[in-house]
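A.B. asks: Residue numbers (my numbering): 377 to 778.
Built from N, CA and C at the ideal position, the CB exists for glycine as well.
Submitted below is the structure of interest, expressed as structure tokens.
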């Protein structure tokens with residue numbers, strides 16, 4: 377157990393690392409006009425180069441490995457800042473400005489040759505530092521971590537700032553980080569931080585796009601969808617049910633943003649009904665692939681659709697919402713009745729009753745197939761489905777129970 381003195385040392389290390397990262401972060405949004413952009417970046421590169429030397433001093437000379445690892449983790453946190461600045465240099469010479477950008481986001485190279493030389497010079501300096509950091513934090517997988525890091529940060533150099541380009545950059549970064557996490561399977565805290573640092577370029581792209589360039593609902597939906605898939609894959613691979621189940625949050629947001637970007641002329645009630653059905657697709661897919669949270673994803677999909685259908689029935693009086701409420705309500709009631717779950721049973725009854733009443737009322741008021749025909753088809757289908765279920769139950773039952 378750590379003593380109070382060790383806790384103090386840990387707190388001081390964290391404060392020091394935060395100060396270093398904050399100092400480097402100012403280079404991304406600086407407002408300095410007194411010196412040139414290239415000279416400013418060389419100052420950032422020199423500051424970064426001092427970290428491995430100090431880590432060597434702490435780890436080898438002072439025999440204090442915790443401070444050394446803290447400095448190397450800080451070094452990894454500075455790499456996305458370098459990639460962002462270098463991306464600005466490349467964009468200034470090879471990109472097309474589609475939108476006015478504030479001065480704090482501009483890093484202008486003198487010419488194209490200077491931009492290329494800055495990139496190659498920074499790579500020559502930073503790659504050995506990155507490899508050394510991964511060598512300490514994740515010794516067995518240093519090569520994989522370094523290669524993945526270079527790939528992810530290299531995508532930040534693409535001289536395109538459109539929303540589509542940002543999507544096409546974020547998805548490969550998240551995919552590479554997920555693949556690396558599945559392969560490395562980090563056990564120690566340092567290894568987890570090393571793998572987690574691979575996501576930083578994607579975060580930087582999102583922040584850059586939101587602050588200085590165009591974004592769309594599709595952009596947010598795609599990014600959150602990719603995050604959901606990555607979280608699910610990592611949670612299932614590591615056996616972390618909490619991480620796997622947290623996938624529900626970005627999934628619901630992702631579907632909402634993508635559906636909002638469709639911009640179809642539908643009523644509010646229809647919008648929510650379709651949204652519920654669309655969310656059921658990825659949630660049921662997760663349930664199909666999940667080993668430990670299958671019932672959780674199925675229950676979430678059911679609750680989302682039942683809640684939306686119930687709200688639309690109460691406030692929008694949609695016949696299709698009533699139809700969906702009847703179907704979901706009967707399913708919940710059947711589940712609760714078979715397994716003696718009173719909450720599910722009563723919830724199903726509470727959802728079925730208003731759905732049936734409003735469906736009948738709609739059929740009386742309006743002579744359209746959406747009312748009376750839905751009741752007929754659903755009733756016939758329910759009887760036939762019951763007969764099929766009884767037939768299957770007899771087939772799977774033991775001979776003495778038939």
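Is the beta carbon of residue 652 closer than 8 Å to that of residue 684?
C.D. replies: Contact: yes.
A.B. asks: May I have the straight-line CA-CA distance separating residue 539 from residue 602, to the nearest angstrom?
C.D. replies: In a straight line, the C-alpha of residue 539 is about 15 Å away from that of residue 602.
A.B. asks: Secondary structure at residue 485, three-state DSSP: helix, strand or coil?
C.D. replies: It is coil, neither helix nor strand.
A.B. asks: What did DSSP end up calling residue 698 once you bin it into helix, strand or coil?
C.D. replies: Residue 698: helix per DSSP, three-state reduction.
A.B. asks: Kindly indicate the opening and closing residues of the alpha helix (DSSP H) around residue 549.
C.D. replies: First-last of the alpha helix (DSSP H) with residue 549: 539 to 560.
A.B. asks: Smallest Cα separation from residue 542: which of 483, 523, 581?
C.D. replies: The candidate whose alpha carbon is nearest that of residue 542 is 581.
A.B. asks: Output yes or no for whether 8 Å exceeds the beta carbon distance between residue 780 and residue 558.
C.D. replies: Any answer about residue 780 is impossible in this case: the structure gives the chain only from 377 up to 778.
A.B. asks: Kindly list the residues whose CB is nearer than 6 Å to the CB of residue 779, restricted to its own chain and excluding five residues on each side of it in sequence; keep chain order.
C.D. replies: It is not possible to answer for residue 779, since the shown part of the chain is limited to 377 through 778.
A.B. asks: Hey, how far is the Cα of residue 600 from the Cα of residue 626?
C.D. replies: If you take the alpha carbons of residue 600 and residue 626, they lie about 5 Å apart.
A.B. asks: How long is the line joining the alpha carbons of residue 628 and residue 610, rounded to whole angstroms?
C.D. replies: Distance between the alpha carbons of residue 628 and residue 610 is about 19 Å.
A.B. asks: If you follow the alpha helix (DSSP H) that residue 434 is in, where does it begin and where does it stop?
C.D. replies: Here residue 434 belongs to no alpha helix (DSSP H), and DSSP marks it neither H nor E.
A.B. asks: Between the alpha carbons of residue 480 and residue 682, how many angstroms are there, rounded?
C.D. replies: For residue 480, the predicted structure reports a pLDDT of 49, less than 50, and the residue's modelled location is therefore unreliable. A value from the coordinates is still provided. Computed Cα separation, rounded: 48 Å.
A.B. asks: Would you call residue 722 buried or exposed, if buried means 16 or more other Cβ atoms sit within 10 Å of its Cβ?
C.D. replies: So residue 722 counts as exposed.
A.B. asks: Give the straight-line distance between the Cα atoms of residue 576 and residue 456, rounded to the nearest whole angstrom.
C.D. replies: So the alpha carbons of these two residues sit roughly 6 Å apart.
A.B. asks: My guess is that residue 500 and residue 510 are in contact by the Cβ rule of under 8 Å, so how many angstroms apart are they, rounded?
C.D. replies: With a Cβ gap of about 17 Å, residue 500 and residue 510 do not count as contacting.
A.B. asks: Using a 10 Å radius around the Cβ and a threshold of 16 neighbouring Cβ atoms, would you call residue 718 buried or exposed?
C.D. replies: It counts as exposed.
A.B. asks: Using the Cα positions of residue 502 and residue 561, report the straight-line distance between them to the nearest angstrom.
C.D. replies: Their Cα atoms are separated by approximately 25 Å.
A.B. asks: Are the CB atoms of residue 669 and residue 620 within a distance shorter than 8 Å?
C.D. replies: A contact, by the Cβ cut-off of 8 Å.
A.B. asks: Below 8 Å on the Cβ atoms is my contact criterion, and I expect residue 654 with residue 631 to pass it. Report the Cβ-Cβ distance as a whole number of Å.
C.D. replies: About 5 Å; that satisfies the 8 Å criterion.
A.B. asks: Quick one: give me the first and last residue of the alpha helix (DSSP H) that residue 651 is part of.
C.D. replies: Taken as a continuous stretch (DSSP letters only), the alpha helix (DSSP H) holding residue 651 covers 644 to 665.
A.B. asks: Give me the Cβ distance between residue 427 and residue 462, rounded to the nearest whole Å; I'm assuming they're in contact under 8 Å.
C.D. replies: No, residue 427 and residue 462 are not in contact; Cβ-Cβ is about 18 Å, not under 8 Å.
A.B. asks: So, under 8 Å CB-CB, residue 495 and residue 466 are touching, yes? Tell me the CB distance rounded to an integer number of Å.
C.D. replies: Right, the Cβ-Cβ distance comes to about 7 Å (below 8 Å), so this counts as a contact.
A.B. asks: Please report the distance separating the alpha-carbon of residue 756 from that of residue 731.
C.D. replies: In a straight line, the C-alpha of residue 756 is about 17 Å away from that of residue 731.
A.B. asks: Thinking C-beta only, is residue 536 closer than 8 Å to residue 597?
C.D. replies: Contact flag unset, no.
A.B. asks: Rounded to a whole number of angstroms, what is the C-alpha to C-alpha distance between residue 377 and residue 486?
C.D. replies: Legend: pLDDT at residue 377 = 45, less than 50; position of this residue unreliable, no value from coordinates given.
A.B. asks: Near residue 497, which residues of its chain fall below 6 Å by C-beta distance, leaving aside the five closest residues on each side in sequence?
C.D. replies: Cβ neighbours of residue 497 beyond the five flanking positions: none.
A.B. asks: Verify whether the separation of the beta carbon atoms of residue 662 and residue 608 is less than 8 Å.
C.D. replies: For residue 662 and residue 608, yes; Cβs fall inside 8 Å.
A.B. asks: In whole angstroms, give me the CA-to-CA distance for residue 616 and residue 595.
C.D. replies: The straight-line gap from Cα to Cα measures roughly 28 Å.
A.B. asks: Beta-carbon within less than 7 Å of residue 549's beta-carbon, same chain only, minus the 5 sequence neighbours each way: which residues are those?
C.D. replies: For residue 549, where only same-chain residues beyond five positions count, the Cβ hits under 7 Å are 528, 531, 577, 578.
A.B. asks: Here's a check: name, in chain order, each residue in its chain whose Cβ is nearer than 8 Å to the Cβ of residue 614, leaving out the five neighbours to either side.
C.D. replies: Counting only Cβ-Cβ distances below 8 Å, and skipping sequence neighbours, we find 561.
A.B. asks: Please report the distance separating the alpha-carbon of residue 643 from that of residue 725.
C.D. replies: Roughly 27 Å between the two C-alpha positions.
A.B. asks: Determine the DSSP secondary structure at residue 480, reduced to helix, strand or coil.
C.D. replies: Its pLDDT being 49, under 50, residue 480 is placed unreliably by the model, and nothing is read from it.
A.B. asks: Shortest alpha-carbon distance to residue 525 belongs to which of 515, 570, 604?
C.D. replies: Of the listed residues, the one whose Cα sits closest to residue 525 is 570.
A.B. asks: Mapping DSSP to helix, strand and coil, what is residue 569?
C.D. replies: Here residue 569 sits in helix by DSSP.
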